[in-house]
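A.B. asks: Questions regarding the structure given below will be posed in turn.
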Amino acid sequence: MSIYPQAHSYGQAAYPAPGYPQPGPPTYSYQQSTAPPPSTYYVDPHSFRRDYAARLAQLTINSRPIIQSLSMVAQEYSRWAEIVVQCLEAHIRRVPPYMKLPSFYLLDAISKNVYDPYARHFAPFVVPLFLETYQQVDQTTRSKMEEMLLTWRTGAPSGKELFGFITQIAIERGVWGGDRGAADISKAQVLSELEFTLSQKERALQANTWDHEARKHVEVLQQLRSLVEAGVSQDELRQILSQLRSLSQSTAPPTTSSQPQVSYPQPSSTYQYPSQPVYPARTSFVPPAVQHSESINSSYHYQSTDQPKSEPLDLSALLSTSVSSGPSTSTSAAPPSNIAGLFSALLKAGIVSATGTPVGDSSSAKAEGSTPQPSDEPSENEREASRSYRRAILAETIKLTNADITKKRPAIVRFMYERLSVQCKQCGVRFSDDVMGRKDMESHLDMHFRQNRKANQNLGRGHSRSWFVALEDWVHDTSTDYKGKGRADGVRPLNAKASALAEAANREAELRAQFVIVPPGDEAKTISCPICKEILKSEFLEDDEEWVWKNAVKKDDRIFHATCHSEALTSVQSLAVRLRNETTGRSRSGTPEGISSRASPPKETASLRTSLSPTAESKRAALKRKAENDDPSFHMTATFDNDGTPPMKRLALEA
Amino acid sequence: MQNDSKEWVLDAETEYRFELDPGASLAIKLVHGQAEVFGAELAEGKSYLFGSECKAAIFTWQGCTLQITGHASTEYVSDETPMAAYANLHIAFEQMRVRALRVAHGSPNSDDDPNANAEPPRVLVLGPDNSGKTTICKILINYTVRAGQNWSPILINVDPSEGGWAVPGAIAAASVQSPLPTASPANPLGSAATSAPTALSSNALVPLSYWYGHADIKRNPLLLDRLIRNLGENVRDKCDGDPEAYTSGLIVDTPSSFASGPTSGASTDSRHTLIKACVEAFKINVILVVGHEKLNVEMQRLYGSRLTVLKIPKSGGVVELDLPYRQRVHKYQLHTYMYGQKIEQPPGISSAILGGEAVTDVVLSPSSSIINFNDLTIYRIGAESMAPSSALPIGAARTVSEMQPVLIDPASSGSGLLNAVLAFIAPFNPDETERYDEEILDLNVIGFLVITNIDIPNRKMTILSPNQGSFVGKTAIIGSFEWEE
Numbered sequence: 000m001s002i003y004p005q006a007h008s009y010g011q012a013a014y015p016a017p018g019y020p021q022p023g024p025p026t027y028s029y030q031q032s033t034a035p036p037p038s039t040y041y042v043d044p045h046s047f048r049r050d051y052a053a054r055l056a057q058l059t060i061n062s063r064p065i066i067q068s069l070s071m072v073a074q075e076y077s078r079w080a081e082i083v084v085q086c087l088e089a090h091i092r093r094v095p096p097y098m099k100l101p102s103f104y105l106l107d108a109i110s111k112n113v114y115d116p117y118a119r120h121f122a123p124f125v126v127p128l129f130l131e132t133y134q135q136v137d138q139t140t141r142s143k144m145e146e147m148l149l150t151w152r153t154g155a156p157s158g159k160e161l162f163g164f165i166t167q168i169a170i171e172r173g174v175w176g177g178d179r180g181a182a183d184i185s186k187a188q189v190l191s192e193l194e195f196t197l198s199q200k201e202r203a204l205q206a207n208t209w210d211h212e213a214r215k216h217v218e219v220l221q222q223l224r225s226l227v228e229a230g231v232s233q234d235e236l237r238q239i240l241s242q243l244r245s246l247s248q249s250t251a252p253p254t255t256s257s258q259p260q261v262s263y264p265q266p267s268s269t270y271q272y273p274s275q276p277v278y279p280a281r282t283s284f285v286p287p288a289v290q291h292s293e294s295i296n297s298s299y300h301y302q303s304t305d306q307p308k309s310e311p312l313d314l315s316a317l318l319s320t321s322v323s324s325g326p327s328t329s330t331s332a333a334p335p336s337n338i339a340g341l342f343s344a345l346l347k348a349g350i351v352s353a354t355g356t357p358v359g360d361s362s363s364a365k366a367e368g369s370t371p372q373p374s375d376e377p378s379e380n381e382r383e384a385s386r387s388y389r390r391a392i393l394a395e396t397i398k399l400t401n402a403d404i405t406k407k408r409p410a411i412v413r414f415m416y417e418r419l420s421v422q423c424k425q426c427g428v429r430f431s432d433d434v435m436g437r438k439d440m441e442s443h444l445d446m447h448f449r450q451n452r453k454a455n456q457n458l459g460r461g462h463s464r465s466w467f468v469a470l471e472d473w474v475h476d477t478s479t480d481y482k483g484k485g486r487a488d489g490v491r492p493l494n495a496k497a498s499a500l501a502e503a504a505n506r507e508a509e510l511r512a513q514f515v516i517v518p519p520g521d522e523a524k525t526i527s528c529p530i531c532k533e534i535l536k537s538e539f540l541e542d543d544e545e546w547v548w549k550n551a552v553k554k555d556d557r558i559f560h561a562t563c564h565s566e567a568l569t570s571v572q573s574l575a576v577r578l579r580n581e582t583t584g585r586s587r588s589g590t591p592e593g594i595s596s597r598a599s600p601p602k603e604t605a606s607l608r609t610s611l612s613p614t615a616e617s618k619r620a621a622l623k624r625k626a627e628n629d630d631p632s633f634h635m636t637a638t639f640d641n642d643g644t645p646p647m648k649r650l651a652l653e654a
Numbered sequence: 000m001q002n003d004s005k006e007w008v009l010d011a012e013t014e015y016r017f018e019l020d021p022g023a024s025l026a027i028k029l030v031h032g033q034a035e036v037f038g039a040e041l042a043e044g045k046s047y048l049f050g051s052e053c054k055a056a057i058f059t060w061q062g063c064t065l066q067i068t069g070h071a072s073t074e075y076v077s078d079e080t081p082m083a084a085y086a087n088l089h090i091a092f093e094q095m096r097v098r099a100l101r102v103a104h105g106s107p108n109s110d111d112d113p114n115a116n117a118e119p120p121r122v123l124v125l126g127p128d129n130s131g132k133t134t135i136c137k138i139l140i141n142y143t144v145r146a147g148q149n150w151s152p153i154l155i156n157v158d159p160s161e162g163g164w165a166v167p168g169a170i171a172a173a174s175v176q177s178p179l180p181t182a183s184p185a186n187p188l189g190s191a192a193t194s195a196p197t198a199l200s201s202n203a204l205v206p207l208s209y210w211y212g213h214a215d216i217k218r219n220p221l222l223l224d225r226l227i228r229n230l231g232e233n234v235r236d237k238c239d240g241d242p243e244a245y246t247s248g249l250i251v252d253t254p255s256s257f258a259s260g261p262t263s264g265a266s267t268d269s270r271h272t273l274i275k276a277c278v279e280a281f282k283i284n285v286i287l288v289v290g291h292e293k294l295n296v297e298m299q300r301l302y303g304s305r306l307t308v309l310k311i312p313k314s315g316g317v318v319e320l321d322l323p324y325r326q327r328v329h330k331y332q333l334h335t336y337m338y339g340q341k342i343e344q345p346p347g348i349s350s351a352i353l354g355g356e357a358v359t360d361v362v363l364s365p366s367s368s369i370i371n372f373n374d375l376t377i378y379r380i381g382a383e384s385m386a387p388s389s390a391l392p393i394g395a396a397r398t399v400s401e402m403q404p405v406l407i408d409p410a411s412s413g414s415g416l417l418n419a420v421l422a423f424i425a426p427f428n429p430d431e432t433e434r435y436d437e438e439i440l441d442l443n444v445i446g447f448l449v450i451t452n453i454d455i456p457n458r459k460m461t462i463l464s465p466n467q468g469s470f471v472g473k474t475a476i477i478g479s480f481e482w483e484e
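Right, here's the structure in full:
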């Protein structure tokens, strides 16, 4: 499964969509006798507490699976919310500072996913807990905590403060000092919020690298940041802050609850890879840009309808001029301050130009964003896109003659650059600006993302040159397309060999996980695999409370080792292939055992090979061998004996 | 030595050419516009590192500004390039691919030219020394993968002195899906897969390689002939099973000795035999002759009736390469195979990318292990030094034929194993009945080893291998290449 779908689903869970999952009534869990793990089923709160605390103890690193599973358990046992909350609080207080952030992520995930009842359980102590932790951790963790804090402002399903207005204010005051209503706004707070908004925009930009509007926003915000860092007056700070807030908050007001997660970062990217949130987890390719411009737009509307006083510095209006050439832009107030002067200078310099996609009013933008592509349309578009390329190529009148090749002016620029107007900023690879190109670009960026993540994970570990693949794998490997283009079969392995090995390992693990339940009364009996003659090991499965034979499969009332059985099946199949090839007249016998040693249809065309050899003797010898080999029965014995398969295997297969 | 960076502004269709001295490195950043290095486009704002005596050119179709940091021994801008001709070639080949694809899909022939060839381009590039054959192959491959049509052409290198993705002495083929970067002559065609994650699939290529073992094709032309045909057979099998590879076509880079030499006598025969082997093995339908009038005429006469023979212009930027340079490149290649690439960044450059990858991701650690003499079986193909058959006295027969595998005893003092480069080959057929005398000649290469020490009294030898693995019961072939770190 690819990383994206997972990240996506997690993101959705954390940032509730309209169909916000309310935790089921407590009685539900009693009926879930068949529920999968981790729903080990607790009857009394004490064992639950013990177990949950033990599970929490595993949360020592920022691991999404652990956070996810702990949050799922919390959801399932929401009737024991108090226990979960107490365990988590104790855990956060107990662990050393470097382990606190993952625990806060868990708190955040639980509160957002299972808002009721958890948010109100956390609310009473979240202020001191947050602030105490904030004092203890290092600067990087602090900025992560600030980022999380900002998502709490609209973390509730209604788009309101996750733990309530009072709590939110208290934490923010503790973190940045000052008072929201009072005159003092610290530079740190503004910078922190600026960073937050900037990171949102940057993610949108990463998702959509050719989105010029987004880039301009990022540039403006960066300019703003350097200005704030250089130092500005209280008044200006307050203006910037309120603009930033309206920019962020307007994305999730109750009125637009149909799309409450508009410009919030997908939390998964933060939780999962906190060290490099460069590539955002995206839901789909087209929406980010549209959502993004929509958020700008709606914030603008918010401003124009609700302007309490003439804002001297109208950031959102300024930003919206770069996306919108709509009628309402004219209302932006003339900026008197020097920051605003900078903006107008930027505007004049063309950094924030008024060109770009005209979006119109927010309702039309929304319509645009929410209209899903009919599912069959992209493929039709794709076909059309490549058809048009082919037509254009064939329309060129060029022949493979010296005159044509050397005299003509090539149309290369049109094919290489103009048709492919979108470029990957990382490696310079180009894509066309159509449905197919966007899809390719998306998977290309996914590839970079995976690669970067892998590189970071492998940091400090040495690399080495791989062995080349076996002939068999080279000839039959058609999955070496790992540049993340085109074909839509999800994650691609980095190289053919690795994929073959991984595949083999997976298969092996799957087989080994198979088991057969020991029939009641037979627990004491020993049975052996008819293929390898070894005794099957029995084991007691705690979860199912049953005795089972591991790595076992039942076929025709007999019990085999799953691995032996599968191996036997494969050799029957390759034998069939072999025989089929034999009858078509091409000797394809004998597999050179490749390094991957996976069972594959045999190749190595001995007779063809040798015929290339100029020496006549070897040719004759080969023909002689071929004649010998053409006897299928000879083959069968040869194969089995050479596999080192015990004769019993054949008997088992015949049975 | 100047370290400050300079800006070069290039007009449309000109190129910046540079040559580096040993040890020097250069960082090139595209500041503005569009630029490509041998057909691979540069991303704007990234510093690309070049080193190991790299001689290359940055071409621009539409004009660009480059920022160059570091010191090049030669650098200039040229407005006379054959790029237009190469681009025309690419478009003509694209037409062939599109037609082949249409036939493969069974679509109706709506084309203006119903008689057009529906075969994908299978191109053999011939040319004398220093004519830029490899560069042309690279440009054509890069344009193909950049077309945005998901082509995956197969690039084949039959020049044993070049080595391609392997080490010198080998010939190889690989399917290419993303542009081949240029950073150093050590891996001119992208690099073979490593355990490191790569941003470009061209840095994780999966080659199929055979071991010839010598730089000179005259050393054992019979063996090379056979290896070319082996390679061709497997490439055909791959294309049979993969319509995408089939329609994308293939490009074959050849040694210069295919093109030059006396026009009569035994060596002409051998090079014509090898050209014929290539044409047959890869079902060549286009021969490109780079800047060699006589060879063009020769090829026209031999193949003109069956396939397209085309003379194409040679770039004025190609550099005359002398023998010591080529030997240094061989060392770079072997070093890169084992240790990856390391190019010092010029002062003032901090985050350059090397061949499309982060600098830290291209450093590799090989493994050194001590094994018993008996663990690894080592063969030499043919006698160590062999006069051509024609030079033998009339009536005399060879004691050892060119194709005969000769077992080497590491304990004998004249084994020549110390510092020798060995090709570690795929295992023999496990089925005894399928074995044949010269099977070893038809086995592909799994990797390359170097014997770094021999301890005759204790019957042990030290082997440097690209990664950890067991050699017990395995087989390797020695050639005439040696390498010392």
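Line by line, the protein sequences give chains U and X.
If you use numbering that gives the first Met the number 0, the first sequence corresponds to residues 0 to 654, in order.
If you use numbering that gives the first Met the number 0, the second sequence corresponds to residues 0 to 484, in order.
Using N, Cα and C, we set each Cβ at its ideal position, and we do this for glycine too.
Indicate whether at least one CB of chain U lies closer than 7 Å to the CB of X:Phe470.
C.D. replies: Answer no: the Cβ-Cβ gap between X:Phe470 and chain U never drops below 7 Å.
A.B. asks: Verify the CB distance criterion: does U:Lys407 have a CB-CB separation below 7 Å to chain X?
C.D. replies: Yes, because at least one Cβ of chain X sits closer than 7 Å to the Cβ of U:Lys407.
A.B. asks: Just reading off the beta strand (DSSP E) that X:Pro404 is part of, what are its end residues?
C.D. replies: Looking at the DSSP string, the run of the beta strand (DSSP E) that includes X:Pro404 is Pro404 to Leu406.
A.B. asks: Taking a cut of 8 Å between CB atoms, which residues from the stretch 286 to 319 of chain X lie near chain U?
C.D. replies: Here the close residues are Thr307, Leu309, Lys310, Ile311 and Pro312.
A.B. asks: Given 8 Å as the limit, is there contact between the stretch 221 to 234 of chain X and the stretch 93 to 100 of chain X, that is, 3 or more CB pairs closer than that?
C.D. replies: The stretch 221 to 234 of chain X is not in contact with the stretch 93 to 100 of chain X.
A.B. asks: Where do the N-terminal and C-terminal ends of the beta strand (DSSP E) with U:Glu545 fall, by residue?
C.D. replies: Note, U:Glu545: beta strand (DSSP E), Glu545 to Lys549.
A.B. asks: In whole angstroms, what is the alpha-carbon distance linking X:Ala165 and U:Ser565?
C.D. replies: If I take the Cα positions, the gap works out to 37 Å.
A.B. asks: Name the one or two DSSP bridge partners that X:Lys473 has.
C.D. replies: Looking at the DSSP assignment, X:Lys473 forms a beta bridge with X:Leu375.
A.B. asks: Measure the CB-CB distance between X:Ser151 and X:Glu243 and report whether it falls below 7 Å.
C.D. replies: Contact flag set, yes.
A.B. asks: Since U:Gln138 is in the alpha helix (DSSP H), which residue starts that stretch and which ends it?
C.D. replies: Here the alpha helix (DSSP H) through U:Gln138 covers Gln138 to Trp151.
A.B. asks: For U:Ile66, which of U:Glu544, U:Phe514, U:Leu106 and U:Val217 has the nearest alpha-carbon?
C.D. replies: Here the closest residue by C-alpha is U:Leu106.
A.B. asks: Note down, in chain order, every chain U residue with its Cβ under 8 Å from the Cβ of X:Gln33.
C.D. replies: Correct list: Tyr416.
A.B. asks: Please identify, using Cβ separations under 7 Å, the residues of the stretch 79 to 105 of chain U that lie next to chain X, in order along the chain.
C.D. replies: Within the stretch 79 to 105 of chain U, no residue has a Cβ that lies closer than 7 Å to any Cβ of chain X.
A.B. asks: At the level of alpha carbons, what is the spacing between X:Leu502 and U:Gln221?
C.D. replies: Residue 502 of chain X falls outside the range modelled here, since chain X spans only 0 to 484, and no answer is possible.
A.B. asks: Going along chain U in order, which residues have a C-beta closer than 9 Å to the C-beta of X:Ala42?
C.D. replies: Neighbours of X:Ala42 on chain U, chain order: Gln422, Cys423, Lys424, Gln425, Cys426, Gly427 and Val428.
A.B. asks: Put U:Cys86 into one of helix, strand or coil per three-state DSSP.
C.D. replies: Correct three-state label for U:Cys86: helix.
A.B. asks: Since X:Lys566 is in the alpha helix (DSSP H), which residue starts that stretch and which ends it?
C.D. replies: Because residue 566 of chain X is not part of the residues shown, which for chain X are 0 to 484, the question remains open.
A.B. asks: Hey, how far is the Cα of X:Glu401 from the Cα of U:Lys554?
C.D. replies: Computed Cα separation, rounded: 56 Å.
A.B. asks: Alpha carbon to alpha carbon, how far is X:Ile450 from X:Leu207?
C.D. replies: So the alpha carbons of these two residues sit roughly 23 Å apart.
A.B. asks: To the nearest angstrom, report how far apart X:Glu12 and X:Phe447 are at their CA atoms.
C.D. replies: Each residue's Cα considered, the two are about 41 Å apart.
A.B. asks: Alpha carbons only, please: which of X:Ala71, X:Leu440, X:Val8 and X:Val318 is nearest the one belonging to X:Asn428?
C.D. replies: If we check each option's Cα against that of X:Asn428, X:Leu440 comes out closest.
A.B. asks: Compare the C-beta of U:Ser393 against all C-beta atoms of chain X and say whether one is closer than 7 Å.
C.D. replies: The sequence given here has Leu at residue 393 of chain U, not Ser. So yes, U:Leu393 belongs to the interface.
A.B. asks: To the nearest angstrom, how far is the alpha carbon of X:Trp7 from that of X:Lys313?
C.D. replies: Straight-line Cα distance between these residues: approximately 25 Å.
A.B. asks: Determine, for X:Val124, whether the minimum Cβ-Cβ distance to residues of chain U falls below 7 Å.
C.D. replies: Not an interface residue.
A.B. asks: Identify which residue in U:Ser110, U:Arg449 and U:Val136 has its Cα closest to the Cα of U:Arg152.
C.D. replies: Closest by alpha carbon: U:Ser110.
A.B. asks: Can you look up X:Arg305 in the DSSP assignment and give me helix, strand or coil?
C.D. replies: Reduced to three states, the DSSP call for X:Arg305 is coil.
A.B. asks: Verify whether the separation of the beta carbon atoms of X:Pro220 and X:Ser269 is less than 7 Å.
C.D. replies: Yes, Cβ-Cβ distance for X:Pro220 and X:Ser269 is below 7 Å.
A.B. asks: Is DSSP giving U:Ala448 helix, strand or coil here?
C.D. replies: In the sequence on display, residue 448 of chain U carries Phe and not Ala. If DSSP states are grouped into helix, strand and coil, U:Phe448 belongs with the helices.
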